Each structure stands twice: as structure tokens, then as C-alpha cells.
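K.L.:
Please see the structure below; I have some questions.
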Amino acid sequence: MRPALITPRRLVAALLVGAAALAGPGSARAAFVAYDSKVDIKSIAPSFGSGGSYTGSIEVDNNGPTSASVRITLTNTSGSQYLTAFGISLPGTLTSGSLASKPTSNWQLLADADYSNGSMFDTGSFGQFDIGAAVGSSWHTSGASVNGIAMGATGVFVFDLVGPGANITADALMTYLSTNGSAGIGARFRTAGSYSSSNGSKVLATVTKSYPPPTTPPGAVPAPPAVLLALAGVGCLLGRGAFRRKPAATA
């Protein structure tokens, strides 16, 4: 069987297949890749109780006008309490949100089914946050406290957000208010073995450092599967044509 000849028409067709792959749904990134904006944070004096403290960072990877992945890293710097829940506020509503990555399976998404702005879940002292996570199904007491982030340990969480409230920056995220005016991120601490909402502390945080955006926005880089598919369309024809040889000249 004669190998295919690479004609201009075949080459154009292959390039169109590759371009379609890059423009198609497969090129959209649904998970955190690299930050567009980032801040380091540190807890302030507890708003309720005493003893809870933490440091960490918030990184935002905006995938599009209405979608983003938010990576929150928290280190428990308290002396005797477990970090068992935290929450943040958003500027608008969401159509969907998920806890895409978490330290252990004990952690669950905190959110209301309708994703209405400012009323997703109640924290008591901090009012209502939009989205967060806890070692049980509620902010206050569900789940064993020892399943939280232990003293000196670090937990990493990734939230995938979709909707008008998803496109954000890390700096702005620390300014959005809960329903009672608490800004940024709030965390819940509990002592070992405690299921009481009055045992532990609730702590907000402040920004200690803001990072400049990367020189090349990570969002401008297409996803590897789309790149491979695009190259495959071109490479397939190029590879087949490479084996074609001119017939030997006759004397």
C-alpha cells in the first residue's frame, strides 16, 4: 500500500483538527494549576474564645470569567486546639462549588444547596460565610476534633468555583464580608474530644504579604491533553508522509 502524500489540503485539514482541539471544552482547566494571585495570611486575636492561631496562604487560579480554583493552605500554630472548620465570603453567587482537594476524607464542603450569596452556612460569631470546609457537616460541633488539622500540622484545600462570584483575586478575597461584617477567612478551633460549640475559639486573619502576578498568566497556557490532541492531528499525517520515498531512477 502506497503511503499517503502530504498535500496542502491534508496539512490544512490536520491543522484545523488541532485548532478545534485547542478551542474545545477539553482546553478548559477545571483544577488548580498555578496561581494568578496569591497572599500570605496570619491569624489575628480570636474573636471568640482563646488559644486558636494559624498561618497560611490563599492562591487563586482564574480559569475563565465565571470559574476559578482557590487553593487555601492553613498551618495550625495553636498550642492545644485542632483547626476543625473555616469559611470565606465571595462577591456574588455561585452556580456550583466543590471541595476538589482536601487533607483527609474527614473534611466536607460547607455550602448551601442554592449557593445564595452571603447565606450559605452560619458560623455564629462571624455571621454567614459563602463557602468553606469542616471535619463534619457543620461549622460548630460535628465531626471529631482530632480529625482536624493538628497543632503544628498543615492542611491544603482546593475549591473549584463556578458562577458570577467565582472570578476573584486573593487580595480581594480577604476583603469580602460575611453577613455580620467579618472580612476574609475565619477559622474554627476545638480542643481534643470536644463537641461543644463553646469550647475552643474562632479566629479571623489578616494579609501579611501580597505576591505580584506571574509574568505569564497561567491561564494562558492550554491544557496538556488539548495540546497533545492538536499535535496528534498534524503529526499523524507528517509521520505517514515521512516514509514516502521517490522511486529509484532507471538507467
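Letter by letter, the sequence shown follows residues -30 to -1, 1 to 221 of mature numbering (1 follows the signal peptide of the UniProt record, and there is no 0). Just so it is clear, CB atoms sit at the ideal spot from N, CA and C, and this is done for glycine as well. It should be emphasised that the depicted structure is a prediction, and the values quoted were computed from it without experimental measurement.
Relative to the C-alpha of residue 128, which candidate in 70, 9, 48 has its C-alpha closest?
P.N.:
Looking up residue 128 in the sequence shown gives position 158. Of the candidates 70, 9, 48, the one whose C-alpha sits nearest the C-alpha of residue 128 is 70.
K.L.:
Are the stretch 52 to 61 and the stretch 154 to 163 touching, with three or more C-beta to C-beta distances below 8 Å?
P.N.:
Cβ pair count under 8 Å is three or more, so yes.
K.L.:
Let me confirm a value: residue 35 is counted as buried when at least 16 other C-beta atoms fall within 10 Å, else exposed. Which label applies?
P.N.:
Along the sequence shown, read from residue 1 onward, the residue named residue 35 stands at position 65. Classification for residue 35: exposed.
K.L.:
Helix, strand or coil for residue 7, going by three-state DSSP, please let me know.
P.N.:
By 1-based counting over the sequence shown, the position of residue 7 is 37. Reduced to three states, the DSSP call for residue 7 is strand.
K.L.:
Kindly indicate which three-state DSSP category residue 180 falls into: helix, strand or coil?
P.N.:
Mapped onto the sequence shown, residue 180 falls at position 210. It is a strand residue.
K.L.:
Using a 10 Å radius around the Cβ and a threshold of 16 neighbouring Cβ atoms, would you call residue 178 buried or exposed?
P.N.:
Reading the sequence shown from its first residue, position 208 is the one you call residue 178. It counts as exposed.
K.L.:
Which partner residues does residue 28 have in the DSSP bridge list?
P.N.:
On the sequence shown, residue 28 is found 58 positions in, with the first residue counted as 1. Bridge partners of residue 28: 9, 42.
K.L.:
Between which two residues does the alpha helix (DSSP H) containing residue 131 stretch?
P.N.:
Against the sequence shown, residue 131 aligns to sequence position 161. That residue, residue 131, is in no alpha helix (DSSP H); its beta strand (DSSP E) goes 124 to 132.
K.L.:
In angstroms, rounded to a whole number, what distance separates the CA positions of residue 32 and residue 41?
P.N.:
Locating residue 32 in the sequence shown gives position 62, counting from the first residue. Locating residue 41 in the sequence shown gives position 71, counting from the first residue. Going by the C-alpha atoms only, they are around 11 Å apart.
K.L.:
State whether the stretch 137 to 150 contacts the stretch 106 to 119, with contact taken as three or more CB pairs (one from each stretch) at a distance under 8 Å.
P.N.:
No contact exists between the stretch 137 to 150 and the stretch 106 to 119.
K.L.:
What three-state label does DSSP hand residue 171 in the structure shown?
P.N.:
By 1-based counting over the sequence shown, the position of residue 171 is 201. Note: residue 171 maps to strand in three-state DSSP.
K.L.:
What is the rounded straight-line gap between the Cα of residue 43 and the Cα of residue 5?
P.N.:
As a first step, residue 43 is located in the sequence shown; it is residue number 73 there, counting from the start. As a first step, residue 5 is located in the sequence shown; it is residue number 35 there, counting from the start. Each residue's Cα considered, the two are about 13 Å apart.
K.L.:
What is the DSSP secondary structure of residue 198, reduced to helix, strand or coil?
P.N.:
Mapped onto the sequence shown, residue 198 falls at position 228. Bear in mind that the predicted position of residue 198 carries a pLDDT of just 45, short of 50, making it unreliable; the figure below should be weighed with that in mind. Note: residue 198 maps to helix in three-state DSSP.
K.L.:
Taking residue 16 as the reference, give the member of 170, 45, 181, 185 with the closest Cα.
P.N.:
Here the question's residue 16 lines up with position 46 in the sequence shown. If we check each option's Cα against that of residue 16, 170 comes out closest.
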